[in-house]
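A short worksheet on the structure shown next.
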Amino acid sequence: MADVVPAHPPVRVPVAGTSDHFPVRRIFCVGRNFADHAREMGAAVPASKADRGTPVFFTKPADALVLDGVVPYPPGTRELHHEVELVVALGADAPAGELPVDRAQALVYGYALGLDLTRRDLQAAAKAKGLPWDTGKAFDHSAPIGPILPAARLGELGTRRLRLHVNGQLRQDGGLDDLVWDVPEILHELSKLFALKAGDLVYMGTPAGVGPLQPGDAFVATLDGMAPLEGRILAA
Ligand code: MN
484 MADVVPAHPP
494 VRVPVAGTSD
504 HFPVRRIFCV
514 GRNFADHARE
524 MGAAVPASKA
534 DRGTPVFFTK
544 PADALVLDGV
554 VPYPPGTREL
564 HHEVELVVAL
574 GADAPAGELP
584 VDRAQALVYG
594 YALGLDLTRR
604 DLQAAAKAKG
614 LPWDTGKAFD
624 HSAPIGPILP
634 AARLGELGTR
644 RLRLHVNGQL
654 RQDGGLDDLV
664 WDVPEILHEL
674 SKLFALKAGD
684 LVYMGTPAGV
694 GPLQPGDAFV
704 ATLDGMAPLE
714 GRILAA
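Per the working numbering: the sequence shown = residues 484 to 719.
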């Protein structure tokens, strides 16, 4: 038996400081996971943890990952937006519905810096009509990512700050202690809906300050204790 079309190998993200790679299965993403970003998008902000409801999840295809930082300006939009995010890389499986919060951290292999690039005009049009976000979120080259740093080498996330500079100017700056849903809580909530597997990535949501990227722009994402993720937007 032969494949009737070429098979695509998994995307492999480098593991920082090694020659090893992390083969990617799925990309899950969390929306509105910083209150200040939910506010800037005009969404309701919960008054307390008890009022959080459930997280907003969406997905991107694994082949949307960008490993070299080079992002061609995408077609079909006049409003490409940056969202700097912490990315969680899973190193173990959890069957659907069987991941308590207090066991979720054990699934984490490591962390990376990422951008959840968004065609904001298409996402806004979809939101207004109650339609899916795929064309706004799940496009080619929409998920730049840096090398994955094993969790044991980074240590606790704590109050580390996630930042994005564009052309040298600070655009986004948020503390990881301001996440509405922290990493174990997000994995627990995802597990209610999906079987999680080693190889999955979770983009954890962005702090306030999202805004446009233009062809020629250079971006630098940083998180205390990790190597920066640098890249640029090419002409269409
Ligand atoms: Mn996002």
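Beta carbons: idealized from backbone N, C-alpha and C, even for Gly.
Discussion item. Would you say the beta carbon of Glu581 is closer than 8 Å to some non-hydrogen atom of ligand 1?
Written reply: no
Worksheet item: Terminal residues of the continuous beta strand (DSSP E) containing Gln606?
Response: Premise fails: Gln606 lies in the alpha helix (DSSP H), Arg603 to Lys612, not in any beta strand (DSSP E).
Practice prompt. Can you say whether Asp623 is buried or exposed, counting buried as having 16 or more other CB atoms within 10 angstroms of its CB?
Written response: exposed
Worksheet item: Rounded to whole angstroms, how far is the Cβ of Arg535 from the Cβ of Val528, which I believe are closer than 8 Å?
Response: That belief does not hold up - the Cβ atoms of Arg535 and Val528 are roughly 10 Å apart, past 8 Å.
Fill in: 7 Å Cβ shell around Gly658 - same chain, five flanking residues per side excluded
Thr642 and Arg644
Worksheet item: Taking buried to mean at least 16 other C-beta atoms within 10 Å of its own C-beta, is Arg515 buried or exposed?
Response: buried
Worksheet item: Under a Cβ-count criterion, where at least 16 other Cβ atoms within 10 Å of its own Cβ denotes burial, should Arg603 be classed as buried or exposed?
Response: buried
Worksheet item: Say the cut is 8 Å; is the CB of Glu672 nearer than that to a heavy atom of ligand 1?
Response: no
Item to complete: Specify, as a first and last residue, the run of the alpha helix (DSSP H) that Thr618 falls within.
Response: Asp617 to Lys620
Worksheet item: In the DSSP assignment, what are the bridge partners of Pro555?
Response: Leu717
Discussion item. Let's see if you can read the secondary structure: which residues bound the alpha helix (DSSP H) around Asp656?
Written reply: Careful: Asp656 lies outside any alpha helix (DSSP H), inside the beta strand (DSSP E) at Gln652 to Gly658.
Worksheet item: CA-CA distance, His491 and Asp617?
Response: 21 Å
Discussion item. For Val646 and Glu713, what's the separation of their Cα atoms in angstroms?
Written reply: Note on residue identity: the sequence assigns Arg, not Val, to residue 646. So the alpha carbons of these two residues sit roughly 12 Å apart.
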